[in-house]
Structure formats: C-alpha cells, structure tokens
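Enquirer:
There are 2 protein chains.
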Amino acid sequence: MRGYILKIAYKGTNYCGWQVQPEKPTVQAAVQAACESVFGVETSITGCSRTDSGVHAKGFVALASGNLPEIPLASLPLALNTALPCDVAVIEAENAPEGFHPRYDAKGKEYVYYINNSRIKDPFSEETAWLFPRKINVELADSLCKEFIGRQDFASFMAAGSKITDTVRTVSAFSAERNGDTVIFRVSADGFLYNMVRIMVGTVAEKASGTALPDIKEIIAARDRAKAGVTAPAKGLFLNKVFY
Amino acid sequence: MRGYILKIAYKGTNYCGWQVQPEKPTVQAAVQAACESVFGVETSITGCSRTDSGVHAKGFVALASGNLPEIPLASLPLALNTALPCDVAVIEAENAPEGFHPRYDAKGKEYVYYINNSRIKDPFSEETAWLFPRKINVELADSLCKEFIGRQDFASFMAAGSKITDTVRTVSAFSAERNGDTVIFRVSADGFLYNMVRIMVGTVAEKASGTALPDIKEIIAARDRAKAGVTAPAKGLFLNKVFY
Chain A
1 MRGYILKIAY KGTNYCGWQV QPEKPTVQAA VQAACESVFG VETSITGCSR TDSGVHAKGF
61 VALASGNLPE IPLASLPLAL NTALPCDVAV IEAENAPEGF HPRYDAKGKE YVYYINNSRI
121 KDPFSEETAW LFPRKINVEL ADSLCKEFIG RQDFASFMAA GSKITDTVRT VSAFSAERNG
181 DTVIFRVSAD GFLYNMVRIM VGTVAEKASG TALPDIKEII AARDRAKAGV TAPAKGLFLN
241 KVFY
Chain B
1001 MRGYILKIAY KGTNYCGWQV QPEKPTVQAA VQAACESVFG VETSITGCSR TDSGVHAKGF
1061 VALASGNLPE IPLASLPLAL NTALPCDVAV IEAENAPEGF HPRYDAKGKE YVYYINNSRI
1121 KDPFSEETAW LFPRKINVEL ADSLCKEFIG RQDFASFMAA GSKITDTVRT VSAFSAERNG
1181 DTVIFRVSAD GFLYNMVRIM VGTVAEKASG TALPDIKEII AARDRAKAGV TAPAKGLFLN
1241 KVFY
C-alpha cells in the first residue's frame, strides 16, 4: 500500500461535482481514471469534500491509494496532468502519512467567492463569477461579514431540507473586498453546512446593495433558512484551501 | 441611416475569428444576429480588424449601421447582450459620426498576450494563456521588447506566405511584466502584419528562456520569417484597445 496526497485545481463547469455518480461526469472519476492510467493499477481516490455541480477548486485535497508504484514527487503532477482533461490539474503531490484521511483530518477550509458587480456581462468570467448588477457597498458588505465570525448556530444558512442536526460551526474569517468590478468574498471555517457559503454570500450581497433583510444577528438567531437571502449561484464559488 | 459604434469583448475560443465565413461560427455573425433581433431591421456590421480563430478581444470596435431605430445608448449594450451568446458582450455603445469606419479610421491598436509560465497547467487559463514551462527572465524579455520599438521593416515577423509587400510598421510600445506565474506582454503599433504579435511574443519568450536565436536587430534586418522564433498560439492573444 502506498498513498499520495494530491492537491488539485479544477474548473467545475463541466462536472456534476467532485463525488463519483453513475453515468455522470465527476472530477473524482476523472482523477481516478488518470491515476489508473499512470499507476497502471487499481487506485482508490478519497476527497476532502464533496463539491456541488459547477463549483470550482484551486486547492482541493485528495488521497490516491492502492498498490501504487513509487514515482518521484516532482514528476507525478506532470504525469497525471497529461492523462487528465484540460479543466483538471494536479498542482502538487506528496507522500501520504499512514492513516491520512483528507476529509476526517481536515481542521478547516477556505472558500473564495467572486462576484462580477456590473450591469455588463464579462465573457471571461461567465463561468467563474456571479453577475450581480446592483452596486455593492463593499465596506458595508465587509462589516456584515464580520457578524458571522465565531462559534454560532448557522441553521439559517443551510439549504432547506438538509438532514444535518448539529448546525453549530466556527467561522474564523469572512471578508469582502473590491478589485474594480470584481467583489471577492473569502471565508474560513472548521466546517460548512450544505450551501452555507452561497447563502452567506447571497445574503450579504443583497443587504449591501439595498435589499431589505433582517440584521445578520437576527437572521442567525432565527435558525430559519427563510429569513436569509438568496443562494448565490455555484459558478462563483472556489474551494481555495484545506487546513490540516 | 443611423450608426452605432459598439465596443465588444469576446472570448474567441469557440469562434473562427471575427469575420463572417460561410457555415462557420464567427463573432461578426453573432453580433449581426443580435443587432437584427434588437433593431428589427437588416443591419450591416463592420469590424476594426479581422482576428484569427481563437484570439480574444476586450475592446474590439465595430460599427452597426442601417435603417436603425434610435435606442438610448445606456440601454443598448444591455439589450444586445441579452441577444448575444454568453462569450460575446457589448460593453459600450455610442453614436457613430457620419462616415466613421472602424478599420480605416483606426490610428493604431494595442494587443495584450498572456503566458502561464509554469510547468503545471492552470484549468482557469487553458483557453486564455499559453502554457510555457521554461522560466522566462522577464527583465531580459522586457529589454528585448524595447528593440522592436520604432518605425522598422517587420517582414521577419510576418507569417510565411502572406501577400503583403509593405512590411514597415511603427511599434510605439512593447513591454513584458510578471505577475506571479503570469507573464504579460503589451504591444501597440499603427498596424500589425499577419501573426506579427504572436511571432514577436514567441521570439522574445524563447530568447528570454534560453533558446539560441540571433539578436533581435539581426532578425529584423534579415527580413526572413525563418530567422525569428515560434509563433505563439492564438489563445493567449487579446485585442485590447483601438486608437482613433
């Protein structure tokens, strides 16, 4: 048995998320096929997270394990990238310590969300940013972000119908900044509920552009999805880093 | 008769360039279809330039003319964008002065070229940058760029087989800079020969990363395409601005 930890970037547009599903294109299936082609043996792939259809990653972490040959770590990304489709890349490889699990060992994650805050669409970010025409007051947005920080019950920021009952999470950082027409949200937490980042971003973007919604503290206290704002679309969301 | 000047951005990946060709997807055909749908009458579209298959634009200039209705200039881009495919956007519209011609009236153009200077591919710039693995010395590259500036005969930087005989052009600016793994070339001239920017960028990138090639002055003096370096691929090239 040998395991390699792979740091992976992918553009999620053409995939039904990370996790293997029968008959559907998934990033996990693409990575597994590339590994089996390079390693020449059956390879098990374990990811750090499921990601939704259309969500992207710059620093997804996966474990490739099995009866794998030893390959120099500097060459492994290049070899795998040759076998991967153009929208998936292995950017780093390292040897996995015995017993490493990409999901259970993760201490937290950082997501980044991009908004194109313009009335005019941008052909170069159509698949990687949310086109949001109303002007966002980014100082206000950043101050709203700060109200999420801490160990709180985020039930209001979980997709309706989700089965999870322990909805307490610790948000360690959440910020908004502007770069021209692009508004960038960055959020870190020890874990995320289903659609949590997308509902947080949707709520802050709406409030900071004039939509009447309750105060963030009230929305959190309500423990009611209906009190929060819209779910921002998947295409602006990037899994940026996993903390171990 | 009424004319609108349209400033257009497009991702050229899925188009056989700007200019209409029978049976092929072109940006001009897409713009014409959108105009005719919004204006409700036959519309003539004239572009500032042909661009090659796969080349992009951030500031392409086109004239839409015909028996067109008057539409408020602030609304026109939004109306046209609704009718355009997702990889083409009208970013500005203004009234055309009588007799305006986007190509003949242009005094010059600026192109930008992006290189991903890394051994590792980037899923987010696969269609908009040239993956160039050998390290480019960007200070050297920038100093090589400067040798192109001025009124010179650029026959060595024209695609072999081109029919043009007057190969003298004035390059007013040419620079290279690095932003992380991205190397950005920016070049302005009063006109460009066929593939001129791509051969200039290919030659500088090769020389600044260790390929043995003659000095730029010698290559220019030779008036021989075979003396210059490779033609950089279309996908890294953007028509950025047109000067009038």
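Heads up: the protein sequence lines correspond to chains A and B, in order.
Going by this note's numbering, 208 is the number at position 208 of the first sequence; the sequence numbering is gapless.
The number in this note's numbering is simply the position in the second sequence, starting from 1, with 1000 added.
Cβ coordinates follow ideal geometry from the N, Cα and C atoms, glycine included.
All values derive from a computational prediction rather than experimental measurement.
Assuming glutamate 300(A) is part of the alpha helix (DSSP H), what are its boundary residues?
Expert: Past the edges of chain A, shown from 1 to 244, lies residue 300(A), and the structure says nothing about it.
Enquirer: Do you know whose CA, among Asp1181(B), Lys1163(B), Ala1079(B) and Val1187(B), lies nearest threonine 1170(B)'s CA?
Expert: When only C-alpha atoms are compared, the closest one is Val1187(B).
Enquirer: For arginine 1151(B), which beta-bridge partners are listed by DSSP?
Expert: Paired residues: Thr1170(B).
Enquirer: Straight-line CA distance for cysteine 48(A) to proline 97(A)?
Expert: About 15 Å.
Enquirer: Tell me the DSSP secondary structure of lysine 207(A) in three-state form.
Expert: Here lysine 207(A) sits in helix by DSSP.
Enquirer: Excluding sequence positions up to five away, which residues of its chain have a Cβ less than 6 Å from the Cβ of serine 1044(B)?
Expert: Here the set comprises Ser1065 and Gly1066.
Enquirer: Would you list, in chain order, the members of the region 80–99 of chain A that have their beta-carbon closer than 7 Å to a beta-carbon of chain B?
Expert: Flagged, chain order: Asn81, Cys86, Asp87, Val88, Ala89 and Ile91.
Enquirer: Going by CA-CA distance only, name the one from Tyr113(A), Leu84(A), Phe100(A) and Glu110(A) that's closest to arginine 2(A).
Expert: Checking every option, the nearest Cα to that of arginine 2(A) belongs to Phe100(A).
Enquirer: Can you pull the chain A residues whose beta carbon is under 8 Å from the beta carbon of leucine 1078(B), in chain order?
Expert: Going along chain A in sequence order, the residues near leucine 1078(B) (Cβ under 8 Å) are Arg119 and Ile120.
Enquirer: Could you tell me the distance, in whole angstroms, from the CA atom of leucine 1006(B) to the CA atom of cysteine 1086(B)?
Expert: Cα-Cα distance, rounded: 17 Å.
Enquirer: Taking alanine 1064(B) as the query, report the chain A residues whose CB atoms sit under 7 Å from its CB, ordered along the chain.
Expert: Correct list: empty, because the minimum Cβ distance to chain A is about 17 Å.
Enquirer: Between the region 154–173 of chain A and the region 193–204 of chain A, can you find at least three pairs of beta-carbon atoms closer than 8 Å?
Expert: Touching, yes, given that three or more Cβ pairs across the two stretches are closer than 8 Å.
Enquirer: Can at least three beta-carbon pairs, one atom from the region 1220–1235 of chain B and one from the region 1145–1156 of chain B, be found at a separation below 8 Å?
Expert: The answer is yes - the region 1145–1156 of chain B touches the region 1220–1235 of chain B, with three or more Cβ pairs under 8 Å.
Enquirer: State buried or exposed for lysine 1163(B), treating a residue as buried only when at least 16 other CB atoms are found within 10 Å of its CB.
Expert: Under this definition lysine 1163(B) is an exposed residue.
Enquirer: So with Cβ pairs under 9 Å, would you call glutamate 1126(B) a contact of chain A?
Expert: Interface residue, yes.
Enquirer: With DSSP collapsed to three states, give me the class of isoleucine 1071(B).
Expert: Reduced to three states, the DSSP call for isoleucine 1071(B) is coil.
Enquirer: Grab me the residues of proline 1214(B)'s own chain with a C-beta within less than 8 Å of its C-beta, minus the 5 sequence neighbours each way, in chain order.
Expert: For proline 1214(B), where only same-chain residues beyond five positions count, the Cβ hits under 8 Å are Ala1222 and Lys1227.
Enquirer: Just curious, the beta strand (DSSP E) that valine 1061(B) is in, first and last residue?
Expert: Per DSSP, valine 1061(B) belongs to the beta strand (DSSP E) from 1056–1066.
Enquirer: Express the C-alpha separation of lysine 1135(B) and aspartate 1181(B) in angstroms, rounding to a whole number.
Expert: Whole-angstrom Cα-Cα distance: 9 Å.
Enquirer: Which first and last residues belong to the beta strand (DSSP E) in which phenylalanine 1243(B) is found?
Expert: Residues 1237–1243.
Enquirer: Please check if any C-beta of chain B sits within less than 9 Å of the C-beta of proline 123(A).
Expert: Taking Cβ atoms only, chain B reaches closer than 9 Å to proline 123(A), which makes this a yes.
Enquirer: Does the distance from the C-beta atom of lysine 109(A) to that of valine 242(A) stay below 9 Å?
Expert: Yes, the pair counts as a contact, with Cβ atoms nearer than the cut-off.
Enquirer: Mind checking the region 6–23 of chain A against chain B and listing, in chain order, the residues whose C-beta falls within less than 8 Å of any C-beta there?
Expert: Cβ contacts with chain B come from Ala9, Tyr10 and Lys11.
Enquirer: Going by other Cβ atoms of all chains shown within 10 Å of its Cβ, with 16 needed for buried, is threonine 231(A) buried or exposed?
Expert: It is buried - the Cβ of threonine 231(A) has at least 16 other Cβ atoms within 10 Å.
Enquirer: In three-state DSSP terms, what is asparagine 137(A)?
Expert: In the structure shown, asparagine 137(A) sits in coil (DSSP, three-state: anything other than H, G, I, E or B).
Enquirer: Taking the straight line between their C-alpha atoms, what separation do you get for isoleucine 1071(B) and proline 1102(B)?
Expert: Roughly 21 Å between the two C-alpha positions.
Enquirer: Suppose the cutoff is 7 Å on Cβ atoms and the five residues either side in sequence are ignored; what does the same chain contact list for valine 1061(B) look like?
Expert: The answer, listed in chain order, is Ile1005, Lys1007, Cys1048, Pro1102 and Val1242.
Enquirer: In terms of residue numbering, what span does the alpha helix (DSSP H) encompassing serine 1044(B) cover?
Expert: No alpha helix (DSSP H) holds serine 1044(B); the beta strand (DSSP E) holding it covers 1044–1047.
Enquirer: Might you give, ordered along the chain, the residues of its own chain that have their beta carbon closer than 8 Å to the beta carbon of glycine 1210(B), omitting 5 neighbours on each side?
Expert: So the qualifying residues of the chain are Arg1134.
Enquirer: So that I know if they touch, is there some Cβ in chain B lying closer than 9 Å to that of histidine 101(A)?
Expert: Not an interface residue.
Enquirer: Looking at the structure shown, is isoleucine 1164(B) part of a helix, part of a strand, or coil, going by DSSP?
Expert: In this structure, isoleucine 1164(B) counts as coil in the three-state DSSP scheme.
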